Amino acid sequence: LLAINSADDLINPPELGIVEQEIKRVPRGRAIVMPLSEKTRGHGSHTIASLWKDELTKLMKEAEPGH
Numbered sequence: 020l021l022a023i024n025s026a027d028d029l030i031n032p033p034e035l036g037i038v039e040q041e042i043k044r045v046p047r048g049r050a051i052v053m054p055l056s057e058k059t060r061g062h063g064s065h066t067i068a069s070l071w072k073d074e075l076t077k078l079m080k081e082a083e084p085g086h
């Protein structure tokens, strides 16, 4: 599981640390917080693939057989 959040997300604020705490219960789970930038759009950042495409590419490579 890969959970990606943005630092400016007001719906799921990373300051609460909920995702970071609970991801520890997920085998091979990873939580990423994208830093605030002129490209992030708060909770809407999840719709901007260019912000998280590198993390998705990394996840897909990790999921390849034999990895």
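Each residue of the sequence shown is one higher than the last, beginning at 20 in our numbering. Glycine included, every Cβ here is placed at the ideal spot set by N, Cα and C. Quick caveat, the model's predicted, so the values are computed rather than measured.
Counted within 10 angstroms of its Cβ, other Cβ atoms place residue i as buried (16 or more) or exposed
i   : result
S69 : exposed
A50 : buried
8 angstroms Cβ cutoff met for residue i and residue j
i   : j   : result
L21 : E74 : yes
P33 : V52 : yes
G48 : I42 : yes
N24 : V45 : no
H86 : K77 : no
Chain C contact for residue i (CB, 8 angstroms cutoff)
i   : result
R49 : This model lacks chain C altogether; it includes just one protein chain.
Residues bridged to residue i (per DSSP)
i   : result
I23 : I51
H62 : R60
* Inspect the CB distances between the segment 27-43 and the segment 61-68 and report whether three or more fall short of 8 angstroms. => Between the segment 27-43 and the segment 61-68 there are three or more inter-stretch CB-CB distances shorter than 8 angstroms, so the stretches are counted as touching.
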